[in-house]
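Residue numbers (my numbering): -7 to 119. In this text, a Cβ means the ideal position worked out from N, Cα and C, and glycines have one as well. Just so it is clear, the structure is predicted and the values come from calculations on it, not from any experiment.
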């Protein structure tokens, strides 16, 4: 299993950034390419680029501002888990998106997708 990380600094308090990042169903409002995002129980069903992807919420740590989820259907991975974390960095907040994936080459692909998503998140929050 391979790991990777995407990260970006965003102007805003950790609580304000977490309000966006920590909304499990809100990803459809800022991630590029999302046609729809619906939360059903612990799952979010994403429609993107002609695909349906199902992700499952694994845990949500309000105090640590961390959201962990796994892709369970719609992407050719044997296993996948990602953690999005918001932490203070002085006058900004750092958002990190860590991933573990198998097969190994999927981790690199996910990091590329997540980095592009973080740029869109920054634009969404900062205006």
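{"Asked": "DSSP state of residue 113 mapped onto helix, strand, coil", "Found": "helix"}
{"Asked": "Cβ shell of residue 16 (< 8 Å), same chain only, five flanking positions each side left out", "Found": "31, 36, 49, 52, 59 and 61"}
{"Asked": "For residue 25, the three-state DSSP class (helix, strand or coil)", "Found": "coil"}
{"Asked": "DSSP three-state assignment for residue 92, whether helix, strand or coil", "Found": "strand"}
{"Asked": "Residues that residue 69 bridges to, as DSSP identifies them", "Found": "DSSP output for residue 69 lists no bridge partner at all."}
{"Asked": "Where residue 102 falls, given that 16 or more other Cβ within 10 Å makes a residue buried", "Found": "buried"}
{"Asked": "Whole-angstrom distance between residue 41 and residue 27, CA atom to CA atom", "Found": "8 Å"}
{"Asked": "Residue 7 beta carbon less than 8 Å from that of residue 81", "Found": "no"}
{"Asked": "Straight-line gap, residue 92 to residue 75 (C-alpha atoms, nearest Å)", "Found": "9 Å"}
{"Asked": "Sheet register partners of residue -4 (DSSP bridge)", "Found": "91"}
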